[in-house]
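Working notes, structure below.
Number of protein chains: 2
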Amino acid sequence: MDQPDTVNTRSDLAARVVAWQRAGERIGLVPTMGNLHEGHLSLVRALRPQCDRLITSIFVNPLQFGPDEDLERYPRTLEADRKQLAAAGVDLVFAPGVKEIYPRGDQASTVVEVPTELTGQLCGRDRPGHFTGVATVVSKLFNLCRPDVAIFGEKDYQQLLVIRRLVEDLDFPVEVVSGPIVREDDGLAMSSRNHYLDPGERRRAPLLYRTLCELAEGLAAQPDRADALARQAESRLSEAGLEPDYVAVRDARTLGPPGAGPLRVLGAVRLGSTRLIDNVAVRPGAGT
Amino acid sequence: MDQPDTVNTRSDLAARVVAWQRAGERIGLVPTMGNLHEGHLSLVRALRPQCDRLITSIFVNPLQFGPDEDLERYPRTLEADRKQLAAAGVDLVFAPGVKEIYPRGDQASTVVEVPTELTGQLCGRDRPGHFTGVATVVSKLFNLCRPDVAIFGEKDYQQLLVIRRLVEDLDFPVEVVSGPIVREDDGLAMSSRNHYLDPGERRRAPLLYRTLCELAEGLAAQPDRADALARQAESRLSEAGLEPDYVAVRDARTLGPPGAGPLRVLGAVRLGSTRLIDNVAVRPGAGT
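Protein chains in written order, with our numbering: chain A, 1287 to 1574; chain B, 1287 to 1574.
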């Protein structure tokens, strides 16, 4: 097929989903905001063999954007997205408008609040309300698409943990799996927001990943110096014009302070008017 | 059967529910806090013909009780409840413990917040956090029991509207139906909390219903005097020792200020240490 079937309304979606459920088919969901790149497509390909029917949702969710953020300019490329999804074997694209998802307006919706121990730090501190918007729309997408399994990218690592916690706390009958970050040749994590970078910014952007990698290596060698090493990383980014929102070393499963368990290094910077995030795993003993 | 099957864990529940879903059976849910009376049983009987498999949950949800409320003394009568449910034709009782529903503790859970236009007034004003607790546990019960249809009593009228809004806003694939209030011979709405009343309080308690009925009749005749009539009703209750938390006239569908649509009269009083609530519909033109 040239294009996968696309539905724009909740009722058309429900008709398809209910029929698949009745037939005993296993449903997979890849939630996206569109403007698909290799990162998204890797999630589609990873989930495809795990389900009978694969849905990709394309919805730029206003509830997860702050008033001064990039909701208006966020790239929308539906026709190109659909072609790529067809090639990747998606069965159905759910591409609703804002009115379909928030008939009363997004500010009038019931919301889902994941505990602030997880959502009140890092990106959640810099973007108040962001994870409430994420948890709310993902709850809605789960109820609408009724997936058995859903996949989220590790690029948005804090989001991944928020969604795992949401599913655990509210008992959604959904298995959550994740896919690794896909990078450009120079290490920059793929992101729709990379389109915002001008050529000079684009050349400097890979420093975020390099700095996080070096921090992770340093930590493996000096696990007790997490805070000092993170501050050094922030200085280095700042000197190169990547203004850090944060660089942090966290427990990889809880985002709590670093302890005996696996660690994750996470960073967010402003490069011109663009906010970039990235993260890397710390391999125990890798630097020793 | 003498007793319906009872499961206490989420995994045992899921095994039953998944098997029913695969067989294409329609699942109904009657969520309760146990200590069942004729009000609950009327909901069971109303839903029984609408589904193939009927689940009743029995769970006293700590998250919907305030710190100074009656969580500890709330009556628990599981064995008597199960006998009544067997007679009413329930297929499965889900009776989990608190640790099963809130493994991290109820205060550490992701929560669901229905907009304050609905939850910030009446019982929600008098019981901060109450409807957050209700919306959260009902979301969990929906995800665990996966009902096609669920029934809630009109006795908790504000709760019924909160749940309808929750389902609408978060797109739960659940049909919500309601059952009318069941009353004692003297008009008192049936409630587990009636057990708290001493004989003297029990004799005075029906005044709540009588007063709300008279208010509703007065309104039908004098629709523009909602506020004055509600204040009169509060005075009358107060003089009889039923200390009003509120008496209110509201749009029956939104709980907004009375307008052109159907109206509902709602009241809450303290009688000794017991809080009683009740409500009645206003029949247009009934008093003219």
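Positions of the beta carbon are idealized from the N, C-alpha and C atoms, including for glycine.
Item, Value
"Can you check whether the C-beta of B/Phe1345 is within less than 8 Å of a C-beta belonging to chain A?", "no"
"Would you verify that the beta carbon of A/Glu1461 is, or is not, closer than 8 Å to some beta carbon of chain B?", "no"
"First and last residue of the alpha helix (DSSP H) that includes B/Asn1347?", "Unbroken run through B/Asn1347: none, as it is neither H nor E."
"At least one CB of chain B closer than 8 Å to the CB of A/Lys1369: is that the case?", "no"
"Are the beta-carbon atoms of A/Leu1523 and A/Thr1497 separated by less than 8 Å?", "yes"
"Can the beta-carbon of B/Thr1421 be found closer than 8 Å to that of B/Leu1452?", "Inspection of the sequence shows that residue 1421 of chain B is occupied by Ala rather than by Thr. Taking 8 Å as the Cβ cut-off, B/Ala1421 and B/Leu1452 qualify as a contacting pair."
"Mind listing the chain A neighbours of B/Asp1455? Cutoff is C-beta to C-beta under 7 Å, in chain order.", "Ser1395 and Thr1396"
"What are the start and end residues of the beta strand (DSSP E) that includes A/Val1435?", "Val1435 to Gly1439"
"Taking just the CA atoms, how far does A/Trp1306 sit from A/Glu1470?", "37 Å"
"From B/Gly1558 to A/Pro1389, what distance separates their C-alpha atoms?", "44 Å"
"If you measure from the beta carbon of B/Phe1458 to each beta carbon in chain A, is any gap under 8 Å?", "yes"
"Can you tell me which of A/Gly1527, A/Ile1344 and A/Leu1515 puts its alpha carbon nearest to the alpha carbon of A/Arg1490?", "A/Gly1527"
"Does the stretch 1347-1356 of chain B come into contact with the stretch 1376-1393 of chain B, if we say contact requires no fewer than three beta-carbon pairs (one atom in each stretch) closer than 8 Å?", "yes"
"Distance check for B/Asp1298 and A/His1323, CA to CA, integer angstroms please.", "41 Å"
"In chain order, what residues of the stretch 1505-1525 of chain A put their CB closer than 7 Å to some CB of chain B?", "none"
"Residues in its own chain within less than 7 Å of A/Thr1318 by CB, not counting five upstream and five downstream?", "His1326, Thr1342, Ser1343 and Ile1344"
"Using a Cβ-Cβ cutoff of less than 6 Å, which residues in the same chain neighbour A/Ala1301 once the five nearest sequence positions on both sides are dropped?", "none"
"Provide the residue(s) that pair with A/Arg1550 in DSSP beta bridges, ordered along the chain.", "A/Arg1536 and A/Ala1567"
"In chain B, which residues lie with their C-beta within 9 Å of the C-beta of A/Leu1452?", "Thr1396"
"Does the count of Cβ pairs from the stretch 1433-1442 of chain A and the stretch 1471-1491 of chain B closer than 8 Å reach three?", "no"
"When you check each C-beta in the stretch 1416-1431 of chain B against every C-beta of chain A, which residues fall closer than 8 Å?", "Ala1421, Thr1422, Ser1425, Lys1426, Asn1429 and Leu1430"
"Hey, would you say the C-beta of A/Pro1389 is under 7 Å away from at least one heavy atom of the ligand HEM?", "In the structure shown, the ligand HEM is absent, as is every other ligand, since no ligand is present at all."
"Do you know how far the Cα of A/Lys1426 is from the Cα of B/Gln1518?", "44 Å"
"What do you reckon, are the CB atoms on B/Val1566 and B/Val1555 nearer than 8 Å?", "no"
"Which of the three DSSP states is assigned to B/Ala1526 in this structure?", "coil"
"Examine chain B for any beta-carbon lying closer than 8 Å to the beta-carbon of A/Arg1312, and answer yes or no.", "no"
"Which one or two residues does DSSP pair with B/Ser1464 in a beta bridge?", "B/Phe1438"
"Going along the chain, which residues of the stretch 1379-1410 of chain B sit with their C-beta nearer than 7 Å to a C-beta in chain A?", "Ala1394, Ser1395, Thr1396, Val1397, Val1398, Glu1399, Val1400 and Pro1401"
"Looking at the unbroken beta strand (DSSP E) that takes in B/Glu1399, where does it start and where does it end?", "Val1397 to Glu1399"
"Starting from A/Arg1556, follow its DSSP beta bridges and name the residues at the other end.", "A/Glu1529 and A/Arg1561"
"For B/Ala1309 and A/Gly1310, I'd like the C-alpha separation in whole angstroms.", "9 Å"
"By a C-beta neighbour count over all protein chains shown, 10 Å radius and 16 as the cutoff for buried, is B/Glu1399 buried or exposed?", "buried"
"According to DSSP, what are the bridge partners of B/Arg1339?", "B/Ile1313"
"List the whole-angstrom C-beta distance separating B/Arg1539 from B/Gly1547, where the pair is believed to meet the contact cut-off of C-beta under 8 Å.", "6 Å"
"Using a Cβ cut-off of 7 Å, pull out every chain B residue sitting near A/Gln1308, in sequence order please.", "Note that residue 1308 of chain A is Arg in the sequence shown, not Gln. The contacting residues are Gly1310."
"Determine which residues share a DSSP beta bridge with B/Val1379 and list them.", "B/Thr1292 and B/Thr1342"
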